[in-house]
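Protein chains in written order, with my numbering: chain A, 1169 to 1281; chain B, -10 to 103. Some notes on the structure that comes next.
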Amino acid sequence: KAGVTQTPRYLIKTRGQQVTLSCSPISGHRSVSWYQQTPGQGLQFLFEYFSETQRNKGNFPGRFSGRQFSNSRSEMNVSTLELGDSALYLCASSPGQGGETQYFGPGTRLLVL
Amino acid sequence: GEDVEQSLFLSVREGDSSVINCTYTDSSSTYLYWYKQEPGAGLQLLTYIFSNMDMKQDQRLTVLLNKKDKHLSLRIADTQTGDSAIYFCAESLLWGGSARQLTFGSGTQLTVLP
């Protein structure tokens, strides 16, 4: 099976812009989670989607949002970008039921100037 | 709340065993994971253990869980230079039968010296 794919891999934006990141889970997986990784805060949970519904949300401002499509692909959006949003954004997929492990994609590295 | 702690750095000689330690605070049913991250890459799942187990072995990797002390360790036998990376311990709460968000430690930078 192909692994988790994320696009784009690298992105440069300026403050105030918005950005959309995409994640395609492993085939058959219905749960997609998003994490932000920064040198200062480490790895932090953003949100999780299962069957097109947000099941769980981390402690991030409303500028961070996401959605999931019927084919389980997910997108996350960050509006009004701030310098502090520069990070590696990681997507993880799991089957979604029964305590399974999460498999991560390579991440999208976002730089906000 | 959940909190996962790890030491930041570990150096070992090639061929020796590495032991990376982690402590967690949540006492609910949970899965505990070890992930590896190489420079510029995502997280690679190494192994995991459920909180009702004491030990799990997978080739060169051995995970030990001390539930009383909420202490988790990852032992890598015969450490190689390719094992140099950051190792993350993570905890996942089990909600309604499904693992949900992962809470990560800060990561341990393992350096393998020739």
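C-beta: ideal position from N, C-alpha, C; glycine also. Since the model is a prediction, treat every value here as computed from it, not as a measurement.
Since residue i contacts residue j with CB under 8 Å, what's their CB separation in whole angstroms?
i: residue 1213 of chain A; j: residue 1234 of chain A; result: About 12 Å; that fails the 8 Å criterion.
i: residue 17 of chain B; j: residue 82 of chain B; result: 6 Å
i: residue 9 of chain B; j: residue 21 of chain B; result: Between residue 21 of chain B and residue 9 of chain B the Cβ distance is about 13 Å, and since that is not below 8 Å, they are no contact.
i: residue 1278 of chain A; j: residue 1181 of chain A; result: 7 Å
Which stretch, first to last residue, makes up the beta strand (DSSP E) that contains residue i?
i: residue 1223 of chain A; result: 1221 to 1225
i: residue 1228 of chain A; result: Careful: residue 1228 of chain A lies outside any beta strand (DSSP E) and carries neither H nor E.
i: residue 60 of chain B; result: 60 to 65
i: residue 104 of chain B; result: Within the shown structure, residues of chain B are numbered from -10 to 103, placing residue 104 of chain B beyond reach of any answer.
i: residue 1180 of chain A; result: 1178 to 1181
i: residue 1255 of chain A; result: 1255 to 1262
i: residue 1242 of chain A; result: 1242 to 1246
i: residue 55 of chain B; result: 50 to 55
i: residue 1276 of chain A; result: 1276 to 1280
i: residue 1174 of chain A; result: 1173 to 1175
Report the partner residues of residue i according to the DSSP bridge assignment.
i: residue 42 of chain B; result: Beta-bridge pairing links residue 42 of chain B to no other residue.
i: residue 1213 of chain A; result: A/1203
i: residue 2 of chain B; result: B/102
i: residue 19 of chain B; result: B/82
i: residue 12 of chain B; result: B/-6, B/60
i: residue 32 of chain B; result: B/26
i: residue 1189 of chain A; result: A/1244
i: residue 75 of chain B; result: B/26, B/98
i: residue 1272 of chain A; result: A/1260
i: residue 7 of chain B; result: B/65
i: residue 91 of chain B; result: B/81
i: residue 1235 of chain A; result: A/1243
For residue i, collect the residues of the same chain with a Cβ closer than 8 Å to its Cβ; drop the 5 residues on either side in sequence, then sort them by chain order.
i: residue 1194 of chain A; result: 1169, 1170, 1171, 1172, 1261, 1271
i: residue 1263 of chain A; result: 1196, 1197, 1198, 1199
Give every residue of the same chain whose Cβ lies closer than 7 Å to the Cβ of residue i, excluding the five residues on either side of it in the sequence, and list them in chain order.
i: residue 1251 of chain A; result: 1183, 1280
i: residue 95 of chain B; result: -5, -3
i: residue 89 of chain B; result: 81, 82
i: residue 1218 of chain A; result: 1198, 1199, 1264
Leaving out the 5 sequence neighbours to the left and right, which residues in its chain are closer than 6 Å to residue i when beta-carbon positions are compared?
i: residue 1192 of chain A; result: 1173, 1241
i: residue 25 of chain B; result: 33, 35, 74, 76
i: residue 1238 of chain A; result: none
Which chain D residues are close to residue i, counting only those with a beta carbon under 7 Å from its beta carbon?
i: residue 1173 of chain A; result: Absence of chain D from the displayed structure is noted, the protein chains being A and B.
(message) Along the stretch 22 to 36 of chain B, where does the CB come closer than 9 Å to a CB of chain A? Name the residues.
(response) 22, 24, 26, 29, 30, 31, 32, 33, 34
(request) Taking a Cβ distance cut-off of 8 Å, strictly less, list which residues of the stretch 49 to 77 of chain B are near chain A, in chain order. (result) 77
(message) Beta carbons nearer than 9 Å to chain B: which residues of the stretch 1179 to 1203 of chain A have them?
(response) 1199, 1201, 1203
(request) Note down, in chain order, all residues in the stretch -9 to 20 of chain B with a beta-carbon under 7 Å from any beta-carbon belonging to chain A. (result) 20
(request) Give, in chain order, every residue of the stretch 1220 to 1233 of chain A whose Cβ lies closer than 8 Å to some Cβ of chain B. (result) 1223, 1224, 1226
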